[in-house]
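Chains as they are written, first to last, in the numbering used here: chain A, 188 to 513; chain B, 372 to 473.
Single-structure report; data block below.
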């Protein structure tokens with residue numbers, strides 16, 4: 188089954204999520220989108236601001252999508268997909284979830300991987316975070332949830348760049364997430380990303396449209412890349428996932444990467460996980476470019492690159508020991 | 372201990388990752404992990420007839436724990452050094468149906 192991309196639009200309060208969403212929905216190539224808007228607070232208002240006046244706009248009131256209404260989100264997405272399959276709503280070929288400003292995106296990302304119905308029909312698209320050029324740097328230094336939103340994102344929109352220069356916010360963003368593609372926006376319109384749909388949905392591997400990050404640690408969030416020149420046995424990758432989940436748990440904010448598997452060196456595997464939850468492995472039909480190395484980007488709290496590398500080396504060696512003839 | 376990877380570095384890095392202050396020393400019979408009053412020797416069991424290669428962890432008291440593979444070594448070692456440790460469990464894809472979904 189061709190799985191629908193589900194994009195998660197996150198960003199701190201007042202950072203321009205809804206404005207960006209409205210621009211996104213005006214794009215002809217993205218018009219076929221269903222939108223789930225999460226409200227936070229006693230009076231629902233966000234859905235009134237989204238200019239998408241048909242049955243593909245669904246409001247999720249009553250709490251923050253990352254905690255209280257997670258079950259509601261699963262039900263809402265399932266209902267939306269049932270309606271689509273039965274032809275009971277307008278056609279759509281992607282879903283966008285706009286979270287509340289205080290939401291942590293990890294539970295949403297994990298829901299898509301762990302719910303049997305959803306994982307069969309959908310796949311995680313992009314995590315997009317909006318950051319306000321005016322208040323963003325301060326917000327990032329002050330609020331953990333804002334840092335986590337940025338750290339997890341594949342795409343970052345720095346908004347309100349007509350009011351403040353992009354550089355301070357972009358520099359702050361790069362400290363937490365050097366792998367994300369960052370563009371500026373004024374009134375939700377991106378400045379320099381070419382076609383919005385390409386920027387959002389290009390089929391390259393996740394997180395590799397910019398140079399890979401060197402290891403660094405900023406305010407407790409560390410980012411590093413594990414690179415391997417030679418293909419990795421599939422069993423070693425599976426064991427690595429187990430070890431990461433066993434020992435890191437919630438400290439692993441996100442791991443994403445492209446893996447040269449020894450069993451299928453021509454078709455790279457895409458790995459995506461957050462905390463202890465990993466999405467089913469997707470395979471690309473071919474490498475997106477000439478770089479055929481394994482590259483795994485880790486974003487986490489208090490995770491040592493040397494430990495991850497030592498574990499991977501040990502697992503590869505041990506799997507090889509148990510594979511006679513190698 | 373000569374293997375195809377650096378066991379001493381693995382155990383040393385693991386203790387650092389877990390936040391456990393430990394001294395790790397390589398010897399001819401394995402790698403010793405000293406943490407507080409506890410010493411655990413980690414050794415590779417070479418393949419013998421009818422038996423798969425694996426790992427053994429020993430305490431000076433004579434207690435022995437076996438592990439089939441590296442993940443088991445790390446779990447056992449951490450459990451010994453950090454008794455309250457509760458390992459996480461990987462969820463890959465849709466192994467369970469979230470509450471409330473259809």
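Heads up, the beta-carbon is just placed ideally off N, CA and C, and yes, glycines get one too.
Report all residues from its chain with a CB closer than 6 Å to the CB of residue i; omit the five preceding and five following residues, and keep chain order.
i: residue 429 (chain B); result: 412 and 435
Are the beta-carbon atoms belonging to residue i and residue j less than 9 Å from one another?
i: residue 202 (chain A); j: residue 346 (chain A); result: yes
i: residue 324 (chain A); j: residue 359 (chain A); result: yes
i: residue 393 (chain B); j: residue 378 (chain B); result: no
i: residue 426 (chain B); j: residue 434 (chain A); result: no
i: residue 477 (chain A); j: residue 447 (chain A); result: no
i: residue 372 (chain A); j: residue 337 (chain A); result: no
i: residue 260 (chain A); j: residue 383 (chain A); result: no
i: residue 321 (chain A); j: residue 273 (chain A); result: no
i: residue 445 (chain B); j: residue 404 (chain B); result: no
i: residue 410 (chain A); j: residue 485 (chain A); result: yes
i: residue 333 (chain A); j: residue 364 (chain A); result: no
i: residue 462 (chain A); j: residue 293 (chain A); result: yes
i: residue 457 (chain A); j: residue 471 (chain A); result: yes
i: residue 430 (chain A); j: residue 502 (chain A); result: yes
i: residue 467 (chain A); j: residue 463 (chain B); result: yes
Using 10 angstroms around the beta-carbon of residue i, count the other beta-carbons present and answer buried if the total reaches 16, otherwise exposed.
i: residue 253 (chain A); result: Its pLDDT being 45, under 50, residue 253 (chain A) is placed unreliably in this model, and the value from its coordinates should be taken loosely. It counts as buried.
i: residue 375 (chain A); result: buried
i: residue 510 (chain A); result: exposed
i: residue 385 (chain A); result: exposed
i: residue 147 (chain A); result: Outside the shown range of chain A (188 to 513) lies residue 147 (chain A), about which nothing can therefore be said.
i: residue 417 (chain A); result: exposed
i: residue 433 (chain B); result: exposed
i: residue 419 (chain A); result: buried
i: residue 233 (chain A); result: Confidence at residue 233 (chain A) is low in this model, with a pLDDT of 46, below 50, so its placement is unreliable and the value that follows should be read with caution. Result: buried.
i: residue 331 (chain A); result: exposed
i: residue 369 (chain A); result: buried
Taking residue i as the reference, give the member of the options with the closest Cα.
i: residue 282 (chain A); options: A:258, A:293 and A:315; result: A:315
i: residue 423 (chain B); options: B:438, B:431 and B:404; result: B:438
i: residue 319 (chain A); options: A:341, A:455, A:198 and A:302; result: A:198
i: residue 342 (chain A); options: A:387, A:353 and A:331; result: A:387
i: residue 374 (chain B); options: B:398, B:449 and B:463; result: B:398
i: residue 301 (chain A); options: A:503, A:460, A:408 and A:328; result: A:460
i: residue 400 (chain B); options: B:450, B:456, B:409 and B:414; result: B:414
i: residue 327 (chain A); options: A:349, A:312, A:306 and A:362; result: A:362
Tell me which same chain residues have a C-beta within less than 8 Å of the C-beta of residue i, skipping the five on either side of it?
i: residue 309 (chain A); result: 190, 191, 192, 193, 264, 268, 282 and 299
i: residue 461 (chain B); result: none
i: residue 436 (chain A); result: 462 and 463
Going along the chain, which residues of its own chain have a beta-carbon closer than 7 Å to the beta-carbon of residue i, five neighbours each way excluded?
i: residue 270 (chain A); result: 276
i: residue 391 (chain B); result: 406, 452 and 453
i: residue 279 (chain A); result: 219, 220, 221, 243 and 271
i: residue 450 (chain A); result: 421
Pull up the CB-CB distance for residue i and residue j, whole angstroms please, since I reckon it's below 8 Å.
i: residue 426 (chain A); j: residue 442 (chain B); result: 6 Å
i: residue 482 (chain A); j: residue 445 (chain A); result: 6 Å
i: residue 473 (chain A); j: residue 453 (chain A); result: 7 Å
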